[in-house]
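Using numbering that gives the first Met the number 0, read the sequence shown as starting at 0 and increasing by one per residue.
Working notes for the structure below.
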Amino acid sequence: MKSFREEIWFNIPSRRAFVLLTPKLEECVRKSGIKEGLLLCNAMHITASVFINDNEAGLHEDFEKWLEKLAPEKPYSQYKHNVGENNADAHLKRTIMGREVVVAITAGKLDLGPWEQVFYGEFDGMRRKRVLVKIIGE
Numbered sequence: 000m001k002s003f004r005e006e007i008w009f010n011i012p013s014r015r016a017f018v019l020l021t022p023k024l025e026e027c028v029r030k031s032g033i034k035e036g037l038l039l040c041n042a043m044h045i046t047a048s049v050f051i052n053d054n055e056a057g058l059h060e061d062f063e064k065w066l067e068k069l070a071p072e073k074p075y076s077q078y079k080h081n082v083g084e085n086n087a088d089a090h091l092k093r094t095i096m097g098r099e100v101v102v103a104i105t106a107g108k109l110d111l112g113p114w115e116q117v118f119y120g121e122f123d124g125m126r127r128k129r130v131l132v133k134i135i136g137e
């Protein structure tokens with residue numbers, strides 16, 4: 000069995016954003032040379048997420064509105080975590096959206112369903128963060 004590891008770094012200039020990861024993951028699969036296996040992609044920070052969904056701008060706006068209703072950023076004082084920092088909402092949003100995805104690799108390609116794309120979700124940006132890509136297989 001072969002193994003491949005890579006980190007993908009981000010520096011999102013805003014507090015929140017969704018970034019399409021699929022092309023970078025496809026590049027990792029190509030570089031790995033693995034034809035049959037599994038790709039794990041996980042956020043390496045507790046205020047960021049990796050998830051699979053449709054690449055549709057309206058849906059991303061819906062996520063933003065929905066997440067803000069569930070875990071509003073302000074007022075900061077509503078959260079016990081926000082002592083000396085203001086990112087409690089980002090921790091909650093990450094929990095809702097998830098830490099990682101696992102995608103099958105078949106015939107050297109990501110085996111995603113129709114319309115499925117992989118995204119990085121940033122909920123407390125404006126600094127460098129990364130995701131881990133780990134691929135195993137033959």
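Every residue, glycine too, gets a C-beta built ideally from N, C-alpha and C.
Just so you know, these numbers come straight off a predicted model, no measurement behind them.
Counted within 10 angstroms of its Cβ, other Cβ atoms place residue i as buried (16 or more) or exposed
i      : result
ARG15  : buried
MET96  : buried
VAL101 : exposed
ASP61  : exposed
LYS128 : buried
ASN86  : buried
SER31  : buried
Reduced DSSP secondary structure (H/G/I, E/B, other) of residue i
i     : result
ILE11 : coil
ALA16 : strand
LYS23 : helix
LYS30 : helix
Backbone CA spacing between residue i and residue j [nearest angstrom]
i      : j      : result
LEU111 : SER48  : 18 Å
ARG93  : LYS1   : 31 Å
ILE7   : GLY120 : 13 Å
PRO113 : VAL82  : 44 Å
LEU131 : CYS40  : 6 Å
ALA103 : LEU109 : 6 Å
GLU72  : HIS44  : 18 Å
TRP65  : ALA89  : 13 Å
GLU84  : GLU26  : 36 Å
Whether residue i touches residue j by CB criterion (7 Å)
i      : j      : result
GLU137 : GLU35  : yes
ARG98  : ALA42  : yes
ASN54  : LEU91  : no
VAL117 : THR46  : no
HIS59  : PHE17  : yes
ILE135 : LEU24  : no
ILE51  : GLU115 : yes
GLY124 : ILE11  : yes
Check: residue i C-beta below 6 Å from any heavy atom of the ligand MG
i     : result
GLU67 : The ligand MG is absent from the structure shown, which contains no ligands of any kind.
- [ ] Could I get the ranges of all uninterrupted beta strand (DSSP E) runs contained in the stretch 36–67, with 3 residues as the minimum, in chain order?
- [x] With a minimum length of 3 residues, the continuous beta strand (DSSP E) runs that stay inside the stretch 36–67 are 36–42, 47–52.
Open item on the list: Just to confirm the assignment: which complete beta strand (DSSP E) runs, minimum length 3, are found wholly within the stretch 79–125?
Closed with: Whole beta strand (DSSP E) segments, 3+ residues: 99–105, 116–121.
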